[in-house]
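Undergrad: In our numbering, the protein residues as written are 29 to 303. Ideal Cβ positions, reconstructed from N, Cα and C, are used throughout, including at glycine. Structure below; questions to follow.
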């Protein structure tokens with residue numbers, strides 16, 4: 029942790045927009061920047077330099093103005109196909125976005141919103157899905173406004189590795205029936221590692237290391253007949269957008285993994301029951 033601290037404070041010498049603060053523990057630091065992209069660049073740079081660390085879900089910085097809580101706002105401009113406008117407008121409403129202007133441009137629509145900065149967390153990948161990859165979005169900081177209220181976080185759950193080992197085709201085939209996977213066969217996993225996304229709320233523990241029992245009439249070679257859906261490869265930006273408050277992004281020189289804060293399944297369930 030000392031080397032990590034020295035590296036973060038060294039970054040302050042050349043990046044005036046970055047802020048690093050010590051916390052109650054010597055193993056954690058609070059890093060503030062200009063947004064997800066700014067922090068992602070720092071994380072990726074340190075990863076390539078050989079550092080290993082874990083990152084929690086990003087949070088916006090609130091201000092108290094005149095005794096009232098204020099939050100940073102963004103002026104968001106999207107350019108989308110006409111058939112995608114409805115789904116984009118619906119999601120913007122859920123994220124406390126307010127419509128400012130809308131105008132047609134050929135068979136596309138240009139729509140402008142005022143939206144809390146926290147409302148854009150995790151939206152870019154959803155936006156690309158809603159517009160089938162044809163949408164364009166850009167945003168700029170637009171000052172502070174009174175707090176807009178709670179915004180629902182990710183409504184889907186995570187698929188969590190039940191045990192430590194190597195992911196195999198048979199285990200992955202059964203797991204993909206519960207949701208979409210982030211890993212393929214041959215990947216080393218550990219208990220508490222997030223290996224996929226559940227379409228429903230709530231996490232599901234899956235055993236991706238489970239092998240088919242061998243009998244006189246079946247062999248492990250028959251696993252070749254099982255078809256796996258290609259996994260969704262998570263980039264650093266995707267991972268930061270995906271994680272919830274009880275999850276972390278594990279960054280190493282060779283891998284970017286997602287995990288639960290509490291790895292042990294039994295202990296994690298006890299913690300949930302106490303809430």
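Let's test the definition: count the other Cβ atoms within 10 Å of the Cβ of residue 169 and tell me whether it reaches 16, buried, or not, exposed.
TA: In the chain shown, residue 169 corresponds to position 141, counting from 1. Exposed, by the Cβ-count rule.
Undergrad: Please name the residue in 275, 103, 147 whose C-alpha comes closest to that of residue 82.
TA: Within the chain shown, numbered from 1, the residue matching residue 82 stands at position 54. Comparing Cα positions, the closest option is 275.
Undergrad: DSSP has residue 130 in a bridge; who is on the other side?
TA: By one-based count along the chain shown, residue 130 stands at place 102. Per DSSP, 139.
Undergrad: With residue 98 and residue 172 assumed to form a contact (beta carbons below 8 Å), what rounded beta-carbon distance in angstroms separates them?
TA: Counted from its first residue, the chain shown places residue 98 at position 70. Counted from its first residue, the chain shown places residue 172 at position 144. Going by Cβ atoms, the distance from residue 98 to residue 172 rounds to 4 Å, so yes, they are a contact pair.
Undergrad: Helix, strand or coil: how does DSSP classify residue 295 here?
TA: Within the chain shown, the letter at position 267 stands for residue 295. Residue 295 falls in the helix class under three-state DSSP.
Undergrad: Sort 76, 62, 235, 29 by Cα distance to residue 50 and report the nearest one.
TA: Taking the first residue of the chain shown as 1, we reach residue 50 at position 22. Here the closest residue by C-alpha is 29.
Undergrad: Given this structure, state the Cα-to-Cα distance separating residue 27 from residue 48, to the nearest angstrom.
TA: Residue coverage of the chain in this structure runs from 29 to 303, which leaves residue 27 outside it and unanswerable.
Undergrad: Would you kindly report the start and end of the unbroken alpha helix (DSSP H) that includes residue 38?
TA: On the chain shown, position 10 is the one that residue 38 refers to. Run containing residue 38: 30-39, per the alpha helix (DSSP H) assignment.
Undergrad: Which same chain residues, not among the five before or five after residue 153, have their C-beta less than 7 Å away from its C-beta?
TA: As a working note, residue 153 is residue 125 in the chain shown. Excluding positions up to five away in sequence, the list reads 266, 269.
Undergrad: Using only alpha-carbon positions, find the residue among 84, 33, 54, 90 that is nearest to residue 146.
TA: For the purposes of this step, residue 146 is taken as the residue at position 118 of the chain shown. The residue with the shortest Cα to Cα distance from residue 146 is 90.
Undergrad: Anyone know if the C-beta pair for residue 129 and residue 140 falls short of 8 Å?
TA: Along the chain shown, read from residue 1 onward, the residue named residue 129 stands at position 101. Along the chain shown, read from residue 1 onward, the residue named residue 140 stands at position 112. In this structure, residue 140 lies closer than 8 Å to residue 129 by Cβ.
Undergrad: Under 8 Å by Cβ, that's how I've got residue 101 and residue 143 pegged, so tell me the actual separation to the nearest angstrom.
TA: Position 73 of the chain shown, counting from 1, holds the residue named residue 101. Position 115 of the chain shown, counting from 1, holds the residue named residue 143. Yes, residue 101 and residue 143 are in contact; Cβ-Cβ is about 7 Å, under 8 Å.
Undergrad: Using the Cα positions of residue 155 and residue 46, report the straight-line distance between them to the nearest angstrom.
TA: The residue given as residue 155 occupies position 127 in the chain shown. The residue given as residue 46 occupies position 18 in the chain shown. The alpha-carbon atoms of residue 155 and residue 46 are separated by roughly 28 Å.
Undergrad: Taking its Cβ as the centre, do 16 or more other Cβ atoms sit within 10 Å of residue 127, making it buried, or is it exposed?
TA: The residue given as residue 127 occupies position 99 in the chain shown. Exposed: under 16 other Cβ atoms inside 10 Å.
Undergrad: Determine which residues share a DSSP beta bridge with residue 185 and list them.
TA: Stepping through the chain shown from its first residue, residue 185 is reached at position 157. According to DSSP, which records beta bridges pairwise, residue 185 is partnered with 226.
Undergrad: Do the CB positions of residue 228 and residue 193 come within less than 8 Å of each other?
TA: Counted from its first residue, the chain shown places residue 228 at position 200. Counted from its first residue, the chain shown places residue 193 at position 165. Not in contact: residue 228 and residue 193 (Cβ atoms no closer than 8 Å).
Undergrad: Shortest alpha-carbon distance to residue 183 belongs to which of 299, 272, 70, 286?
TA: By one-based count along the chain shown, residue 183 stands at place 155. It is 272.
Undergrad: Specify, as a first and last residue, the run of the alpha helix (DSSP H) that residue 105 falls within.
TA: Taking the first residue of the chain shown as position 1, residue 105 is located at position 77. Taken as a continuous stretch (DSSP letters only), residue 105 belongs to no alpha helix (DSSP H), being part of the beta strand (DSSP E) at 96-109.
Undergrad: Using a Cβ-Cβ cut-off of 8 Å (strictly less than) and excluding sequence neighbours within five positions of residue 164, which residues of its own chain qualify?
TA: Counted from its first residue, the chain shown places residue 164 at position 136. The answer, listed in chain order, is 106, 107, 108.
Undergrad: Expressed to the nearest angstrom, what Euclidean distance is found between the alpha-carbon atoms of residue 222 and residue 195?
TA: What you label residue 222 is simply residue 194 of the chain shown in a count that begins at 1. What you label residue 195 is simply residue 167 of the chain shown in a count that begins at 1. Those two C-alpha atoms are separated by around 12 Å.
Undergrad: Determine the contact status of residue 187 and residue 225, defining contact as a CB-CB distance below 8 Å.
TA: On the chain shown, residue 187 is found 159 positions in, with the first residue counted as 1. On the chain shown, residue 225 is found 197 positions in, with the first residue counted as 1. Taking 8 Å as the Cβ cut-off, residue 187 and residue 225 qualify as a contacting pair.
Undergrad: Of all the beta strand (DSSP E) runs that stay within the bounds of the region 263-297, which reach a length of 3 or more residues?
TA: 275-279, 284-288, all fully within the region 263-297.
Undergrad: Go ahead and label residue 207 buried or exposed: buried means 16 or more other beta carbons lie within 10 angstroms of its beta carbon, across all protein chains shown.
TA: For this step, residue 207 is matched to residue 179 along the chain shown. Residue 207 should be labelled buried.
Undergrad: How is residue 73 classed by DSSP in three states: helix, strand or coil?
TA: Start at 1 with the first residue of the chain shown, and residue 73 comes out as number 45. Looking at residue 73 - three-state DSSP - the assignment turns out to be helix.
Undergrad: So what does DSSP say about residue 155, is it helix, strand or coil?
TA: Mapped onto the chain shown, residue 155 falls at position 127. Residue state, collapsed to three classes: helix.
Undergrad: Residue 234 and residue 213 - do their beta-carbons sit closer together than 8 Å?
TA: Taking the chain shown and counting its residues from 1, the one referred to as residue 213 is at position 185. Taking the chain shown and counting its residues from 1, the one referred to as residue 234 is at position 206. Contact flag unset, no.
Undergrad: In terms of residues, what are the limits of the alpha helix (DSSP H) holding residue 115?
TA: In the chain shown, residue 115 corresponds to position 87, counting from 1. Element bounds for residue 115: 113-122.
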